[in-house]
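Colleague: Here it is, the structure in full.
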Amino acid sequence: MAIALDQRVHLSQSIGMKILITGGAGFIGSAVVRHFSRDCGFGVINLDKLTYAGNLSSVGSVSNLPNYIFEHHDICDKAAVDRIFRAHTPDAVIHLAAESHVDRSIDGPAPFLETNVKGTFTLLECARSYWYSLPVSTRDKFRFLHVSTDEVYGALGAEGQFTENSQYRPNSPYAASKAAADHFARAWYHTYELPVIVTNCSNNYGPFQFPEKMIPTMILAALEGQQLPVYGDGKNIRDWLHVQDHAAALYCVLTKGVPGEVYNIGGEAERQNIEVVESICEVLDSLIPRGSFASYRDLIHFVPDRPGHDYRYSVSCDKLKNELGWTPSRSFEEGLSQTISWYLENRHWWQSIQKRYDGRRRGLGQ
42 MAIALDQRVH LSQSIGMKIL ITGGAGFIGS AVVRHFSRDC GFGVINLDKL
92 TYAGNLSSVG SVSNLPNYIF EHHDICDKAA VDRIFRAHTP DAVIHLAAES
142 HVDRSIDGPA PFLETNVKGT FTLLECARSY WYSLPVSTRD KFRFLHVSTD
192 EVYGALGAEG QFTENSQYRP NSPYAASKAA ADHFARAWYH TYELPVIVTN
242 CSNNYGPFQF PEKMIPTMIL AALEGQQLPV YGDGKNIRDW LHVQDHAAAL
292 YCVLTKGVPG EVYNIGGEAE RQNIEVVESI CEVLDSLIPR GSFASYRDLI
342 HFVPDRPGHD YRYSVSCDKL KNELGWTPSR SFEEGLSQTI SWYLENRHWW
392 QSIQKRYDGR RRGLGQ
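Mapping of the sequence shown onto the working numbering: residues 42 to 407, in sequence order.
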């Protein structure tokens with residue numbers, strides 16, 4: 042059931058809108074929670090299991106707002122999710138809860154199947170039941186925004202970009218679990234007419250990112266004078282999207298997007314991994330020089346590559362820009378410099394994580 046562009050309901054016209062955000066204590070989720078509650082003034086129900094990567098201090102700046110509520114539950118718990126829908130009566134869902142680290146999926150794929158596939162299925166079923174119970178006028182405005190990744194499309198060669206019509210070719214257990222979740226979301230739209238919208242984003246970076254991901258790994262290792270571990274030859278390419286730009290894009294998709302459609306979100310900032318690491322070193326050299334004419338580049342160390350490491354991702358944002366009017370607001374250089382400064386100024390945030398995170402290399406497939 043496709044909805045024509047001129048017939049869609051713009052949710053931005055709604056007053057007192059309430060959003061159920063899953064995974065709102067994670068990296069991307071916390072940025073979305075902050076954006077929707079503080080910047081947009083929407084009511085936010087943050088549903089998070091608080092796994093190792095969940096951190097309520099990431100939403101500390103909005104935790105005392107009257108329009109913010111936290112629910113500590115697992116999205117696989119159907120009874121709990123059903124209760125949350127009934128108790129809070131959200132106008133929309135933004136589904137971000139997921140196991141997301143590729144290396145961890147290589148070592149142990151089972152939690153990715155549980156959360157990313159079963160959890161998405163459970164949430165879709167609870168949303169469908171809740172949606173059916175709504176009055177028709179309210180039902181027409183409801184949205185289920187399923188947030189996914191460009192990794193479902195597999196790997197690119199030296200040229201071309203992923204579009205919304207690209208074939209799914211997931212290559213890691215993580216990507217496979219997200220691809221399965223995307224297919225469930227699509228099926229619930231086409232079979233049950235649940236107003237689902239899917240987004241597929243490129244690699245995110247920014248403040249509050251858990252230290253296992255590449256950019257914070259490099260920043261924190263450099264600050265401690267440790268080696269900077271670059272996988273393989275460092276020439277794998279990713280498209281980098283600042284997390285705050287991603288949050289703004291999700292607002293745009295939620296309020297203007299068409300149910301049944303897919304929108305790709307990218308930062309238009311392709312870089313080789315080694316280029317990213319060298320850029321981090323350059324910023325740190327200018328902010329906190331090592332002294333004695335040494336550079337942080339001296340700490341770069343090439344390590345065995347990840348099994349099945351996709352060579353290149355690149356996302357076309359043309360549909361999102363042309364149909365909904367969104368574009369990234371910052372360059373990669375500007376966003377990276379801001380991110381490094383944030384980690385320098387918020388040592389208490391990551392130092393508390395380091396006390397419980399071993400930082401060991403994962404994903405060697407052994």
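Ideal Cβ placement from N, Cα and C applies to all residues, glycine included.
In this text the structure is predicted, and so the values were computed from the model without any measurement.
1) If you run the structure through DSSP and keep just helix, strand and coil, what is residue 298?
2) Taking all protein chains shown into account, decide if residue 377 is buried (16 or more other Cβ within 10 angstroms of its Cβ) or exposed.
3) Can you tell me the Cβ-Cβ gap for residue 263 and residue 322, rounded? I've got them flagged as a contact below 8 Å.
4) Residue range of the alpha helix (DSSP H) that residue 84 falls in?
5) When the Cα atoms are used, what is the spatial distance from residue 158 to residue 220?
6) Have a look at 132, 326 and 62 and flag the residue whose alpha-carbon is nearest the alpha-carbon of residue 90.
7) DSSP three-state label for residue 92, please.
8) Measure the Cβ-Cβ separation of residue 171 and residue 126 and say whether it is below 7 Å.
9) Could you give the first and the last residue of the continuous beta strand (DSSP E) run that contains residue 186?
10) Out of curiosity, what's the CA-to-CA distance linking residue 409 and residue 78?
11) With C-beta atoms as the reference, is residue 213 less than 7 Å away from residue 146?
12) How many whole angstroms separate the CB atoms of residue 342 and residue 250, which I take to be in contact at a CB cut-off of 8 Å?
13) Whole angstroms is fine: what's the gap from residue 300's alpha carbon to residue 360's?
14) Which runs of the alpha helix (DSSP H) fall wholly inside the stretch 361–401 and span at least 4 residues, in chain order?
15) In chain order, what residues of the same chain lie with their CB nearer than 7 Å to the CB of residue 380, ignoring the 5 residues before and after it?
16) Taking 7 Å as the threshold (C-beta atoms), are residue 351 and residue 308 in contact?
17) For the beta strand (DSSP E) containing residue 133, name the first residue and the last one.
18) Is it buried or exposed for residue 296, if we count other Cβ within 10 angstroms and need 16 for buried?
19) Indicate whether the contact test is met: 3 or more Cβ pairs, each with one atom in the stretch 128–148 and one in the stretch 187–202, closer than 8 Å.
20) What would DSSP say about residue 59, mapped onto helix, strand or coil?
21) Consult DSSP for residue 208 and reduce its assignment to one of helix, strand or coil.
Modeller: Let me spell this out:
1) Of the three classes helix, strand and coil, the one that applies to residue 298 here is coil, per DSSP.
2) Label assigned to residue 377: buried.
3) The pair is a contact, with the Cβ atoms about 7 Å apart (cut-off 8 Å).
4) Premise fails: residue 84 lies in the beta strand (DSSP E), 84–89, not in any alpha helix (DSSP H).
5) The C-alpha of residue 158 lies about 9 Å from the C-alpha of residue 220.
6) 62
7) coil
8) yes
9) For residue 186, the enclosing beta strand (DSSP E) covers residues 184–190.
10) Any answer about residue 409 is impossible in this case: the structure gives the chain only from 42 up to 407.
11) yes
12) Not quite, the Cβ-Cβ distance comes to about 21 Å (not below 8 Å), so this is no contact.
13) 14 Å
14) 373–386 and 388–395
15) 246, 247, 248 and 256
16) no
17) 133–136 is the span of the beta strand (DSSP E), which, as asked, contains residue 133.
18) So residue 296 ends up on the buried side.
19) yes
20) In this structure, residue 59 counts as strand in the three-state DSSP scheme.
21) Assignment of residue 208 by DSSP, reduced to helix, strand and coil, places it in the coil class.
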